[in-house]
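Reviewing the structure listed below.
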Amino acid sequence: AQSVAQPEDQVNVAEGNPLTVKCTYSVSGNPYLFWYVQYPNRGLQFLLKYITGDNLVKGSYGFEAEFNKSQTSFHLKKPSALVSDSALYFCAVRDDGGNTPLVFGKGTRLSVIA
Amino acid sequence: DTEVTQTPKHLVMGMTNKKSLKCEQHMGHRAMYWYKQKAKKPPELMFVYSYEKLSINESVPSRFSPECPNSSLLNLHLHALQPEDSALYLCASSQEDRLGEKLFFGSGTQLSVL
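Top to bottom, those sequences are chains V and X. Sequential numbering from 1190 applies to the first sequence in the working numbering. Sequential numbering from 2 applies to the second sequence in the working numbering.
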């Protein structure tokens, strides 16, 4: 069975500082990994995905994520945080070993302080 | 047009009412989804339609009844709901229901059951 863990409920970072939002996963086959962002009273927006290839994936709004197979992690990063990045971030995984639906992590609330 | 449009944005209903949630996309996507999201929780998959046929029903109670009249529209019919069904209901679409496809989400319908 597939699962995804986001160990932090909340991440606080000062504007201009780098940010990291952590995600680890568990699958039986190969992982298809995604990050989505949700702003208040809105649906989720796709940020980036890892399917295969380069371990460093670049996405929307200056975000990137690094796939680490040995640590089963897919942490979201941004070199310089903006106040407007404050939102709820979800990591999600799909397992090609079971062809099961997308599973979301519990979410991490990012607060960027001016 | 890269939008998924959901109506209504807000809905308050009694436990004996019958109502419907509507979702529309004009991106030519052939997979459409209903998710339920409680406050500060990740979205939970309810139903998946692929090429207008129901492909996944995640053991959702029969008081929720999905319908896909055509490839652009997705409805969720509600009847005899319980207060614990109050949540944000999100519609999403993707080109197809494939492992690497990203989802496009609507802004959701905030449902309150009294």
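We treat Cβ as the ideally placed atom computed from N, Cα and C, and that holds for glycine.
* **Check whether residue 108 (chain X) and residue 10 (chain X) have beta carbons under 9 Å apart** => As a position in the second sequence, residue 108 (chain X) is number 107, starting the count at 1. As a position in the second sequence, residue 10 (chain X) is number 9, starting the count at 1. Yes; because the gap between Cβ atoms is below 9 Å, this pair is in contact.
* Please confirm if the stretch 46–56 of chain X is in contact with the stretch 17–36 of chain X, defined as three or more CB-CB distances below 8 Å between the two stretches. => yes
* Does the beta carbon of residue 1290 (chain V) come closer than 9 Å to any beta carbon on chain X? -> In the first sequence, residue 1290 (chain V) corresponds to position 101, counting from 1. Yes, contact with chain X.
* Expressed to the nearest angstrom, what Euclidean distance is found between the alpha-carbon atoms of residue 81 (chain X) and residue 113 (chain X)? -> Indexing the second sequence from 1 puts residue 81 (chain X) at position 80. Indexing the second sequence from 1 puts residue 113 (chain X) at position 112. Residue 81 (chain X) and residue 113 (chain X): Cα-Cα distance of roughly 13 Å.
* Roughly how many angstroms lie between the CA atoms of residue 88 (chain X) and residue 1237 (chain V), to the nearest whole one? -> For this step, residue 88 (chain X) is matched to residue 87 along the second sequence. For this step, residue 1237 (chain V) is matched to residue 48 along the first sequence. Rounded to the nearest angstrom, the two C-alpha atoms are 26 Å apart.
* Which residues in the same chain as residue 1261 (chain V) place their Cβ atom closer than 7 Å to its Cβ, once the five residues preceding and following it in sequence are excluded? -> Locating residue 1261 (chain V) in the first sequence gives position 72, where the first residue counts as 1. Here the set comprises 1213, 1214 and 1215.
* What does residue 1250 (chain V) pair with, by DSSP beta-bridge criteria? -> For the purposes of this step, residue 1250 (chain V) is taken as the residue at position 61 of the first sequence. Per DSSP, none; premise fails for residue 1250 (chain V).
* Near residue 98 (chain X), which residues of its chain fall below 7 Å by C-beta distance, leaving aside the five closest residues on each side in sequence? -> Within the second sequence, residue 98 (chain X) is the residue found at index 97, counting from 1. Excluding residues within five positions, the ones whose Cβ falls inside 7 Å are 32, 49, 51 and 56.
* Thinking C-alpha only, which one of V:1247, V:1286 and V:1280 is nearest residue 1268 (chain V)? -> In the first sequence, counting from the first residue as 1, residue 1268 (chain V) sits at position 79. Considering only alpha carbons, the answer is V:1247.
* Would you check if there are 3 or more beta carbon pairs closer than 8 Å linking the stretch 1216–1235 of chain V to the stretch 1281–1296 of chain V? => yes
* Asked: With a Cβ-Cβ cutoff of 9 Å, do residue 69 (chain X) and residue 76 (chain X) count as a contact?
  -> Position 68 of the second sequence holds residue 69 (chain X). Position 75 of the second sequence holds residue 76 (chain X). Their beta carbons are under 9 Å apart, which means residue 69 (chain X) touches residue 76 (chain X) by this criterion.
* Asked: residue 49 (chain X) CB to nearest chain V CB: under 9 Å?
  -> Against the second sequence, residue 49 (chain X) aligns to sequence position 48. Answer yes: the Cβ-Cβ gap between residue 49 (chain X) and chain V drops below 9 Å somewhere.
* Pull up the distance between the alpha-carbon of residue 1256 (chain V) and that of residue 1250 (chain V), whole angstroms please. => For the purposes of this step, residue 1256 (chain V) is taken as residue 67 along the first sequence, with counting starting at 1. For the purposes of this step, residue 1250 (chain V) is taken as residue 61 along the first sequence, with counting starting at 1. One C-alpha to the other measures close to 19 Å.
* Going by Cα to Cα distance, which pick from V:1283, V:1265, V:1291 and V:1270 is closest to residue 1197 (chain V)? -> Position 8 of the first sequence, counted from the first residue, corresponds to residue 1197 (chain V). When only C-alpha atoms are compared, the closest one is V:1265.
* To do: Could you say which of V:1298, V:1240 and V:1296 lies nearest to residue 100 (chain X) if we only look at CA atoms?
  => By 1-based counting over the second sequence, the position of residue 100 (chain X) is 99. Taking only the C-alpha atoms, the option nearest residue 100 (chain X) is V:1240.
* Beta-bridge pairing of residue 14 (chain X) - partner residues as DSSP gives them -> Here residue 14 (chain X) refers to the residue found at position 13 when the second sequence is read from its first residue. Answer by DSSP bridge pairing, in chain order: X:114.
* When burial is assigned at 16 or more other CB atoms within 10 Å of the CB, is residue 1270 (chain V) buried or exposed? -> As a first step, residue 1270 (chain V) is located in the first sequence; it is residue number 81 there, counting from the start. Label assigned to residue 1270 (chain V): buried.
* Asked: Residues in its own chain within less than 7 Å of residue 8 (chain X) by CB, not counting five upstream and five downstream?
  -> Locating residue 8 (chain X) in the second sequence gives position 7, counting from the first residue. So the qualifying residues of the chain are 23.
* Going along chain V, which residues have a C-beta under 8 Å from residue 46 (chain X)? -> Here residue 46 (chain X) corresponds to residue number 45 of the second sequence, with the count starting at 1. 1290 and 1291, listed in chain order.
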